[in-house]
Amino acid sequence: MAGGAASGGSATTDTYKDARGWLLMPAWSVLLVLSLAPVFMMLVYSFLTKEFRGGVIWEFSLAAYDQFFFDRGLFGDDPPVIEWTYLTIFWRSIWQAGAATILSLLIGFPTAYYIATRPENVRPVWLFLITIPYWVNLLIRTVSMKFLLRDQGPLNDLLMSTGLISEPIHIINTNLAVQLGLFYSYLPFMVLPIYAAVERYNFALSEAAADLYANKWVTLRRVLLPAVKPGVVAGCILVFVPSLGAFLAPDLLGGAKNFMIGSLIEEQFKGNAGNWPFGAAASMVLLTMVLIILLICARQQSKAGKEV
Amino acid sequence: MKHMIKASATAMALALAATGASAEGKLVVYHWFEYIPQDLLDKFTAETGIEVTMDTYDSNEAMLASLKAGAIGTYDVAVPGDYMVSIMAGEGLLDTIADGELANKGNISSDWADPSFDPGRMHSIPYQWGSTAFMVDTASYSGDINSTDILFNPPAELSGKINMLDSQGEVMAMAALHLGMEQCSTDRDKLKALNAMLQEAKGHWASFNSDTAKEVLVSGDVSVGMIYDGFGAKARSEKASLKYAFPSQGYVVWMDNVVLLKDAPNRDSAIKFMDFLLEPENIAAVSNYARYGLGVNGAGEFLDPELATLPESNPPAEAGAGVFIEVCDEATQAVYDKIWTNLKK
Chain R
673 MAGGAASGGS
683 ATTDTYKDAR
693 GWLLMPAWSV
703 LLVLSLAPVF
713 MMLVYSFLTK
723 EFRGGVIWEF
733 SLAAYDQFFF
743 DRGLFGDDPP
753 VIEWTYLTIF
763 WRSIWQAGAA
773 TILSLLIGFP
783 TAYYIATRPE
793 NVRPVWLFLI
803 TIPYWVNLLI
813 RTVSMKFLLR
823 DQGPLNDLLM
833 STGLISEPIH
843 IINTNLAVQL
853 GLFYSYLPFM
863 VLPIYAAVER
873 YNFALSEAAA
883 DLYANKWVTL
893 RRVLLPAVKP
903 GVVAGCILVF
913 VPSLGAFLAP
923 DLLGGAKNFM
933 IGSLIEEQFK
943 GNAGNWPFGA
953 AASMVLLTMV
963 LIILLICARQ
973 QSKAGKEV
Chain X
2 MKHMIKASAT
12 AMALALAATG
22 ASAEGKLVVY
32 HWFEYIPQDL
42 LDKFTAETGI
52 EVTMDTYDSN
62 EAMLASLKAG
72 AIGTYDVAVP
82 GDYMVSIMAG
92 EGLLDTIADG
102 ELANKGNISS
112 DWADPSFDPG
122 RMHSIPYQWG
132 STAFMVDTAS
142 YSGDINSTDI
152 LFNPPAELSG
162 KINMLDSQGE
172 VMAMAALHLG
182 MEQCSTDRDK
192 LKALNAMLQE
202 AKGHWASFNS
212 DTAKEVLVSG
222 DVSVGMIYDG
232 FGAKARSEKA
242 SLKYAFPSQG
252 YVVWMDNVVL
262 LKDAPNRDSA
272 IKFMDFLLEP
282 ENIAAVSNYA
292 RYGLGVNGAG
302 EFLDPELATL
312 PESNPPAEAG
322 AGVFIEVCDE
332 ATQAVYDKIW
342 TNLKK
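Written as structure tokens, this is what we have:
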């Protein structure tokens, strides 16, 4: 497998050897201009002095990071203590995103497995059905969720008419509503990579496990899951990372009573605070955290690869 | 919601640009979403031959951020609220309208000709004005609603059924009225009391939401909701039991104004547009659409008669005074920002 890829690669290199640098130019420039330059700008802004009501003054300052990590009281002249406000907001966002990821995994894995085990000609239909809701703008879907989950909404009406509950369940404006919203927003990002992994899985391995007296649970845990793990990890990252910075679901479904990372940062640029360096600093802290999480994932993947 | 509206407004602006008759000139407007009738823009184009392009925003602060991030020089006019006019003037984002430049300047009613936020109307003309308070569903609460206690110290049956606007300025101004303190206080004890009062009140609130402030009231998700008067009138037409409150402690008054932006690429068109909006018939069309008050003389005959008797824009005699949101200095504002973050952490 690896040898095949390498020889294929060298063939390409030979054919386009002279032009390779030029051919990569468009891709590199897009990456540089649209991806790295904004991040670099944020990094620079986070170390500048804030201008009152938005904007920056081009003087070096650590004030933004100081504000993030140290609390100097309501009037800013108490001795500094550890600032828990923003760390709490970050922790809450991580927790919400984590819960949404687990929810997506629990629903997404069986879904992906089901699709991947259908006859080859009907799989595209199932994948198509998964993506249909995502043709509609995320905002509209989130507002619809809000009306579905209401105390007098269809979900509660249905549950009450079946006699399962006698009082409406209060979901809207709770953490659960946010998790449901995030789960719903990003479910396909879980289903599609797992589907891709399960589709490549050789089901003869499961049969072999069964022949060797492994029950279904052991087969799943010891044979299927290790084989499709890269897909599961990719799915988890693809759900977790955007959930971490989301602000639509927390604002609309969670009632915006508690800042999430996304809404905290938005407030610094579009809200009353107008504190651009602080918004940039909070983004940098978020970026650092996400990078650390991704690095841990990558290291574990490569470790697992070496063990096999 | 706001993004949805933004998209449709952009589509509208594009359609408009395409139908512009003869290209006599251009005008680029930076406006709130859903705040000017399309017919009126068509009329302006028909009368002057000026093509209008419009971008929209959803808060004064978002508009300011966008202009400061480099959009100044793109737009000719914007429509900031009262306090934002003084902020923008202070930031040097506004151009001065010279004496005699506006043919219809005399149409501005004397109440609004010399406002505190733009003395002498150097940079702006009145657009619409109204109030911000809250509505109560009288089907679920029969007591007196004309008190800020409904928001900050509600009776048990309303606790947990209150939506606040997700807007620092308006919530802080109402809270100041509730406590009977000035809006830009430097008195530490009062500020601590304000912080504590808001922390306590938050336990009674269901949500902070501006975009769906009307919908949550109409759908019955909440029984009390902060809202603008014109939005409130629309909410009442969909649910008759909703009643707009004029608290005895006072309420927030606001005025949106058309300002001439610095470095306007089409300054002449902008002046024509401002003159157009000072014509009683034209600004009355805005009021008939948006359900807010206007600041121009002689518009009475063009106004929908219903507007004169709207309960949302006619405060009862016993109502408290209406106050504008004040602009605090940097040090004071920092404390209020901190209180707001404390509230939402």
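Going down the list, the protein sequences come from chains R and X. Its first residue numbered 673, the first sequence is counted upward by one per residue in the numbering used here. Its first residue numbered 2, the second sequence is counted upward by one per residue in the numbering used here. For glycine and all other residues, C-beta sits at the position ideal for the given N, C-alpha and C.
Taking 8 Å as the cut-off, the Cβ atoms of G907 of chain R and P865 of chain R count as close.
Residues of the stretch 745-762 of chain R with a Cβ closer than 9 Å to any Cβ of chain X, in chain order: G745, L746, F747, G748, W756, T757, Y758, T760, I761. The DSSP-derived three-state label of D823 of chain R is coil. Here G780 of chain R carries a helix assignment [DSSP, helix/strand/coil]. Neighbours of I88 of chain X in chain R, taken as residues whose beta carbon is under 8 Å from its own, are R725 in chain order. The C-beta of E239 of chain X comes no closer than 8 Å to any C-beta of chain R.
Only residues of its own chain outside the window of five on either side were considered, and among them A881 have a CB closer than 8 Å to the CB of V890 of chain R, listed in chain order.
Shown here, T49 of chain X sits in a helix according to DSSP, grouped into three states. Proximity of I844 of chain R to chain X, defined by a Cβ-Cβ separation below 8 Å, is satisfied.
A Cβ-Cβ separation of about 6 Å places P156 of chain X in contact with G144 of chain X under the 8 Å criterion. DSSP places G727 of chain R in no alpha helix (DSSP H); its state is neither H nor E.
Excluding five sequence positions before and after L95 of chain X, the CB atoms of its chain that fall closer than 7 Å to its own CB belong to M89, H124, V260, L261, L262, K263, given in chain order. Excluding sequence positions up to five before and after V711 of chain R, its CB lies within less than 8 Å of the CB of L959, all in the same chain and listed in chain order. Look at the stretch 869-947 of chain R and you find these whole runs of alpha helix (DSSP H), each 4 residues long or longer: 876-883, 888-891, 897-917, 920-925, 933-942. In this structure, the straight-line span from the alpha carbon of V225 of chain X to that of I151 of chain X is close to 8 Å.
When DSSP states are grouped into helix, strand and coil, W756 of chain R belongs to the coil group. Rounded to whole angstroms, the Cβ separation of W130 of chain X and V254 of chain X is 7 Å, and the two are in contact under 8 Å.
Contact between the stretch 831-839 of chain R and the stretch 227-235 of chain X is absent, with fewer than three C-beta pairs closer than 8 Å. One Cα belongs to F781 of chain R, the other to V913 of chain R, and the distance between them is close to 18 Å. Rounded to the nearest angstrom, the gap between the Cα atoms of Y856 of chain R and S776 of chain R is 8 Å.
In the three-state reduction of the DSSP assignment, D112 of chain X falls in the helix class, which pools H, G and I. Membership of W694 of chain R in the alpha helix (DSSP H) is indicated by the continuous run 692-702.
In the displayed model, D138 of chain X falls within a strand according to three-state DSSP. The stretch 805-815 of chain R makes no contact with the stretch 930-945 of chain R, as fewer than three CB pairs between them are under 8 Å.
Linking D257 of chain X to A736 of chain R through their CA atoms gives a straight-line distance of about 33 Å.
When secondary structure is reduced to three states using DSSP, Q184 of chain X falls in the coil class, being assigned neither helix nor strand.
Between K162 of chain X and F931 of chain R, the C-beta spacing is not below 8 Å. Between R725 of chain R and E92 of chain X, the C-beta gap is smaller than 8 Å, which places the two residues in contact. In the DSSP assignment, D83 of chain X falls within the alpha helix (DSSP H) that extends over 83-91.
For G321 of chain X and A177 of chain X, the gap between their C-alpha atoms comes out near 13 Å. With contact defined as three or more Cβ pairs closer than 8 Å, the stretch 55-71 of chain X and the stretch 31-45 of chain X are in contact. Cβ atoms of V850 of chain R and G926 of chain R come within 8 Å of each other, at about 4 Å.
The closest CA to that of N315 of chain X, considering only X:G294, X:F303, X:A335, is found on X:G294. For N828 of chain R, the nearest beta carbon of chain X is not closer than 8 Å to its own beta carbon. Your pair G323 of chain X and S186 of chain X does not check out as a contact, with CB atoms roughly 20 Å apart and the cut at 8 Å.
In the structure shown, G71 of chain X adopts helical secondary structure according to DSSP, grouped into three states.
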